[in-house]
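Heads up: the sequence shown at position 320 corresponds to 320 in the working numbering, and the numbers run straight through without jumps. Have a look at the structure below, then the notes.
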Amino acid sequence: MKTHRWLTLATVSAALTLAPAGVAVADKGTGQGGTQQGSGVQTEHKRDGQTLESRITFSGSTKGSGGKSSGGLTAVGNWTPPACWYEPMSAEEFKKQTEASYDLVVNDPDQPNYAKTATGQFRDIYKDGKYKNYNLDEADEGNWFVAVQDESRLDDPDAFTCSELPFWVKNGDTPNVKNAVTPEVLAELAYNRVQVPDTKVTLAPEDITKVNLPTWAWLDKATFKEVSVTAALNVNGLNIQATTTAKPVSLKLEPGTEDAETYPASGVCKINDDDSVGEAYAKGKAGETPPCGIKYLRSSGGGTYKLRATITWQISWTGTGNPDPKNLPNGTFGNTQDITVQEIQSVNR
């Protein structure tokens, strides 16, 4: 899911000032690997000396390393989880990676001169410039923070907004840089990994109903319940974690045609006191109006209507230094179901 591209991001600005118009820096890293370990998920991606594996691990109801797999939440509003962030790297690791990247670029005959120059300028900052020898003399006092991108979102412009050069953070200090990893950032990353159940509502009648016949709809409490994902980072003296929890709070029904009525009229069925949504149909309720459901007013002919059911999940998190739940934007996830609507057949006597 994640890959460090700090060398490319950090040197691109310098390179562009040296490059001919319309030419971009070459990123020639090759080879990637991935692992999944234990009950949680730990992903690692490498690009020949330009990267270091991310140490953030995810456990719980996680959708794994597939960025947009089924069951992922869509945040309500304009907010999205971070597409990039900054993680710590020890002074020795940072030196090793920077030197390896420098050698890779300057010794590659296919790399243009401006790329080699930019890579050298980047190296000089940390070796003999603003910093000395990659801060190895202060190795026990802090870490370098470098940019990481969500590999599943490399087509998202937000993945390239973490353009800060690697920066030094002393132990115990909180980085004053947006998306530098903190418990809250971990919670936001966990949000993007939450796996929720496929949204298929239980209907009565099921799949095939009649014109003007109320169809009852409800969610199975055993399936639709709280789910959570924990993100943790324990590296170089930094040990933090956050748990993001999603709780279903409402169900929205969209009949797939204007020739229908919903119950309630808004189509939004609220959660009940017992955490259920809707009410299961039972014998003897045929003449009642369902608290959550649909009534189709016209048959679907030879086809079907696409009933869309969307659940809204309330999202909160707790974590290191934050024992009390804090809210994140609500998330939604929905699916469609094919509904056949038939005319009621009358019998002439």
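Yeah, the Cβ is synthetic: ideal placement off N, Cα and C, and Gly gets one too.
*asked:* With three or more beta-carbon pairs closer than 8 Å as the criterion, would you say the region 256-273 touches the region 181-197?
replied: no
_Quick check: Leu328 and Ser276, are their CB atoms within less than 8 Å of each other?_
no
*Within the chosen definition, does the region 88-102 reach the region 132-148 through at least 3 CB pairs nearer than 8 Å?*
yes
*Give the DSSP-derived three-state secondary structure of Ala280 in the structure shown.*
Reduced to three states, the DSSP call for Ala280 is coil.
*Please say whether Val235 and Arg55 have beta carbons closer to each other than 8 Å?*
Yes, Cβ-Cβ distance for Arg55 and Val235 is below 8 Å.
*With distances taken Cα to Cα, identify the nearest neighbour of Asn78 among Thr340, Glu343 and Asn330.*
Asn330
*For Trp216, decide whether its Cβ has a neighbour in chain C, counting only Cβ atoms nearer than 8 Å.*
This model lacks chain C altogether; it includes just one protein chain.
*Within 10 angstroms of the Cβ of Gly237, are there 16 or more other Cβ atoms? Answer buried if so, exposed if not.*
exposed
*asked:* In the DSSP output, which residue or residues are listed as bridge partners for Leu253?
replied: Ala309
*asked:* Check this for me: beta carbons of Val146 and Pro166, under 8 Å apart or not?
replied: yes
_DSSP state of Asp103 mapped onto helix, strand, coil_ = helix
*For the candidate residues Asn212, Val194 and Thr243, whose alpha-carbon lies nearest to that of Trp313?*
Val194
*Sub-8 Å separation of Ala217 and Ile294 beta-carbons*: yes
_Please identify the residue among Thr332, Asp110 and Thr336 whose C-alpha is closest to the C-alpha of Ser250._
Thr332
*Label Leu233 either buried or exposed according to how many other C-beta atoms from any shown protein chain fall within 10 Å of its C-beta, with 16 as the threshold for buried.*
So Leu233 ends up on the buried side.
*Using beta-carbon positions only, say whether Tyr305 and Val341 come within less than 8 Å of one another.*
yes
*Below 8 Å on the Cβ atoms is my guess for Thr318 versus Thr243; work out the distance and round it to an integer in Å.*
6 Å
_Considering only DSSP beta bridges, list what Lys351 is partnered with._
Absent from the structure is residue 351, since the part of the chain shown begins at 1 and ends at 349.
*Identify whether Phe145 lies in helix, strand or coil by the three-state DSSP scheme.*
strand
*Go ahead and label Ala159 buried or exposed: buried means 16 or more other beta carbons lie within 10 angstroms of its beta carbon, across all protein chains shown.*
buried
_Distance between Val148 and Glu352 (C-alpha atoms, nearest Å)_ = Any property of residue 352 remains undetermined from this structure, which presents the chain solely from 1 to 349.
*What does Ala118 pair with, by DSSP beta-bridge criteria?*
In the DSSP output, where bridge partners are listed per residue, Ala118 has none listed.
*For Asn179 and Pro82, believed in contact at Cβ under 8 Å, the rounded distance*: 5 Å
*asked:* Our contact map puts Lys95 next to Val106 with C-beta atoms below 8 Å; I'd like the distance itself, whole angstroms only.
replied: Rounded, the Cβ-Cβ distance is 16 Å, inconsistent with contact.
_If you reduce the DSSP assignment to three classes, tell me which class Pro183 lands in._
helix
*Among Glu184, Leu213 and Val211, the one whose alpha carbon lies nearest that of Asp324*: Glu184
_Once the 5 residues before and after Asp259 are set aside, which same chain residues still bring their CB inside 8 Å of it?_
Tyr296, Leu297 and Arg298
*Can you tell me the Cα-Cα spacing of Ile315 and Gly120, whole angstroms?*
Cα to Cα, Ile315 sits roughly 45 Å from Gly120.
*Beta-carbon gap between Lys200 and Asn335 smaller than 8 Å*: yes
_Assigned secondary structure, Pro88 (DSSP; H/G/I helix, E/B strand, else coil)_ = strand
*Along the beta strand (DSSP E) that carries Leu203, what are the first and last residues, could you check?*
Thr202 to Ala204
*Give the DSSP-derived three-state secondary structure of Val41 in the structure shown.*
Below a pLDDT of 50, predicted positions are generally treated as unreliable, and Val41, at 34, falls in that range; the measurement from the model is reported next regardless. In the structure shown, Val41 sits in a strand (DSSP, three-state: E or B).
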